[in-house]
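Read the structure below first, then the notes.
2 protein chains.
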Amino acid sequence: MSTRLSAAIHEPFPPAAALLMLTPWSPHQADHAGRLAGALLHFDQDREIYCEGDEAGTFFKVVSGVARTCKFLSDGRRQIDAFHVTGDVFGVEAGPSYSLSAEAACDCTVTSYRRRGIDASAFHDAGLSRQLFAYAMQSLARAQDHALLLGRKSAVEKVAAFLLDWAKNSPSGQDVTLAITRQDVADYLGLTIETVSRTLSHLERQALIALSSPRQIRLRDLAALRGFNA
Amino acid sequence: MSTRLSAAIHEPFPPAAALLMLTPWSPHQADHAGRLAGALLHFDQDREIYCEGDEAGTFFKVVSGVARTCKFLSDGRRQIDAFHVTGDVFGVEAGPSYSLSAEAACDCTVTSYRRRGIDASAFHDAGLSRQLFAYAMQSLARAQDHALLLGRKSAVEKVAAFLLDWAKNSPSGQDVTLAITRQDVADYLGLTIETVSRTLSHLERQALIALSSPRQIRLRDLAALRGFNA
DNA sequence: CGATTGCTTGATACCTCTCAACCCAGGTGG
DNA sequence: CCACCTGGGTTGAGAGGTATCAAGCAATCG
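Protein sequences appear in the order of chains A and B. Numbering of the first sequence is given in the working numbering, commencing with residue 1 and proceeding in unit increments. Numbering of the second sequence is given in the working numbering, commencing with residue 231 and proceeding in unit increments.
Take a look at the structure:
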């Protein structure tokens with residue numbers, strides 16, 4: 001999915017972590033300091049949350065649903081950069097404006113945080129600055145993996161990677177419940193909706209997955225799916 | 231080209247810059263503090279500088295030549311993430327190990343810096359932490375643009391974008407002198423070497439560029455080239 | 001119900017890859 | 001001096017993967 005700022009909170013503190021990966025940080029903590037008022041916002045599917053180039057005065061955390069961040073070409077072609085699920089933070093910028101657009105991939109509730117609070121805190125707080133750096137580097141690592149996928153993988157490899165990625169969040173580790181459309185999957189993988197559909201059907205025919213409904217996918221052969229990548 | 235940590239040094243300080251984009255930072259400054267010994271290293275073309283997964287105890291700045299950072303699939307397919315030219319910093323990590331491999335794209339001299347120094351400084355110095363954050367976010371923005379290119383652009387659009395990108399560094403703004411092979415260009419754009427070659431020939435036939443030699447490219451119609459993107 | 005949305009499937013086109021030959025410049029050594 | 005080799009680049013013919021265009025299906029919703 002996306003880079004998760006808050007994910008670190010749930011993980012044990014790494015024993016010999018690098019200096020630059022220190023205490024986890026969460027907007028919640030900032031809430032307590034009273035600096036970052038969090039407004040709860042709801043967006044219907046496909047509603048724009050913000051647009052590339054807008055002044056980046058706010059960042060967001062997903063409360064429920066899925067948000068997507070993406071870029072567009074002038075003729076409408078779209079590349080989705082990441083999906084953001086519950087707990088994920090998105091819209092954090094270093095510059096003055098958003099470098100991506102953000103939209104609700106399905107009905108979606110988010111908390112918004114005023115950036116000024118973070119900026120001000122980070123100005124004094126080296127720890128917070130380090131958190132932001134770690135967050136950015138984590139996003140960067142994801143973006144680099146994504147580039148490898150987009151530039152060098154075939155359709156099957158892309159879809160397999162996508163499924164495995166989403167399955168990691170499921171309790172069983174082999175069930176994927178998609179809250180997003182085929183179009184979103186396609187625009188994330190750099191494919192068309194038809195190719196995504198065909199590839200899923202193909203994988204089902206091979207008995208590598210089972211589609212109980214279009215949005216409910218069971219990974220029946222994790223080893224084989226992993227084999228598509230490396 | 232790549233994200234440049236030091237590029238900011240040469241640019242006027244933005245008047246109303248966001249809080250998170252403060253004073254430029256350069257390894258040189260750190261040198262003066264005596265914390266980051268800079269060793270000068272030379273790499274012949276295609277020599278490995280470091281490998282994905284290696285312990286990231288060092289980062290680098292290009293003195294001359296071009297370095298590339300990239301990822302590989304198990305069967306050898308390669309995706310180049312970025313090229314780094316004189317002045318560019320690469321190999322900065324938040325985690326314990328490198329997320330990419332780095333190699334000399336041509337004969338290449340780099341300065342190496344011990345990471346410990348930076349880590350230690352950043353621990354106390356909020357300003358340095360902010361610099362690192364800004365650096366990471368700039369890299370992230372480049373990676374996102376790259377993903378759009380890889381996922382959604384055609385071969386001509388990719389090549390045109392590549393040429394325009396490199397021409398920005400040339401004094402005239404319309405001459406590109408490549409120090410890298412067609413294979414590197416291809417692996418950066420997610421194409422094959424033949425497609426890159428054919429596309430360049432195609433652009434030359436259209437009189438949009440002139441190839442005085444394979445490595446010496448003149449952009450004859452910037453407007454038309456820009457038109458390929460948007 | 002009819003309309004809409006999301007998804008699947010088929011036929012065909014086309015873009016890029018693959019495989020192969022060839023060119024050119026530079027270096028090496030007989 | 002030239003034959004030879006090598007690395008980098010170009011070009012061609014054909015194959016193949018994905019896109020495009022189009023039709024149809026199922027579920028949902030007014």
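We treat Cβ as the ideally placed atom computed from N, Cα and C, and that holds for glycine.
| Item | Value |
| --- | --- |
| Compute the Euclidean distance between the alpha carbons of A:R78 and B:R382, then round it to the nearest angstrom. | 7 Å |
| Can B:A371 and A:S129 be called in contact, C-beta distance under 8 Å? | no |
| Taking 8 Å as the CB-CB limit, is B:A460 close to chain A? | yes |
| Of the residues B:V296, B:V322, B:F289, B:A377, which one's Cα is nearest the Cα of B:A364? | B:V322 |
| Excluding sequence positions up to five away, which residues of its chain have a Cβ less than 7 Å from the Cβ of B:D261? | Any reading at B:D261 needs caution, since the residue's pLDDT is 45, under 50, leaving its predicted position unreliable; the model's value is listed next. Excluding residues within five positions, the ones whose Cβ falls inside 7 Å are G268. |
| Quick one: list the residues of chain A neighbouring B:H432, beta-carbon separation under 7 Å, in chain order. | The contacting residues do not exist; B:H432 stays about 20 Å from chain A at best. |
| Kindly list the residues whose CB is nearer than 7 Å to the CB of A:R182, restricted to its own chain and excluding five residues on each side of it in sequence; keep chain order. | I193, V196, S197 |
| Which value, in whole angstroms, describes the spacing of the CA atoms of B:D276 and B:E387? | 27 Å |
| Please name the residue or residues paired with A:E55 in a DSSP beta bridge. | A:S97 |
| Return yes when the C-beta of B:C300 is under 7 Å from any heavy atom of the ligand MG, and no when it is not. | The ligand MG is absent from the structure shown, which contains no ligand whatsoever. |
| Return the first residue and the last residue of the alpha helix (DSSP H) that A:K158 is part of. | 155-167 |
| What three-state label does DSSP hand B:F320 in the structure shown? | strand |
| Return no unless some Cβ of chain B is closer than 8 Å to the Cβ of A:L164. | no |
| Sorted by chain position, which residues of the same chain lie with C-beta nearer than 8 Å to B:T288's C-beta, five sequence neighbours on each side aside? | Y280, G321, S342, Y343, R344, R345 |
| For B:A373 and A:Q206, which I take to be in contact (beta-carbon distance under 8 Å), what is that distance rounded to the nearest angstrom? | At roughly 33 Å, the Cβ-Cβ gap does not stay under 8 Å, so B:A373 and A:Q206 are not in contact. |
| Quick check on A:G127: does DSSP put it in helix, strand or coil? | helix |
| What are the boundary residues of the beta strand (DSSP E) that A:D175 is part of? | 175-177 |
| When you compare only the Cα positions, how much space is there between B:R265 and A:D175? | Here B:R265 scores only 45 on pLDDT, less than 50, and its place in the model is too uncertain to base an answer on. |
| Using a Cβ-Cβ cut-off of 8 Å, state whether B:L452 counts as contacting chain A. | no |
| Indicate the three-state DSSP secondary structure (helix, strand or coil) for B:L452 in the structure shown. | helix |
| For the beta strand (DSSP E) containing B:L271, list its first residue and its last residue. | 268-273 |
| So that I know if they touch, is there some Cβ in chain A lying closer than 8 Å to that of B:H376? | yes |
| So, under 8 Å CB-CB, B:A297 and B:V340 are touching, yes? Tell me the CB distance rounded to an integer number of Å. | 7 Å |
| Let me confirm a value: A:G53 is counted as buried when at least 16 other C-beta atoms fall within 10 Å, else exposed. Which label applies? | exposed |
| Could you pull the DSSP bridge partners for B:V340 from this structure? | B:L271, B:V292 |
| Tell me whether A:S170 sits in a helix, a strand or coil according to DSSP, three-state version. | coil |
| List the residues of chain B whose Cβ lies closer than 8 Å to the Cβ of A:Q79, in chain order. | A377, L378, G381, R382 |
| State the Cα-Cα distance for the pair B:G357 and B:A350, rounded to the nearest angstrom. | 13 Å |
| Between B:L419 and B:G347, what straight-line distance do the alpha-carbon atoms span, to the nearest angstrom? | 35 Å |
| At least one CB of chain B closer than 8 Å to the CB of A:G227: is that the case? | no |
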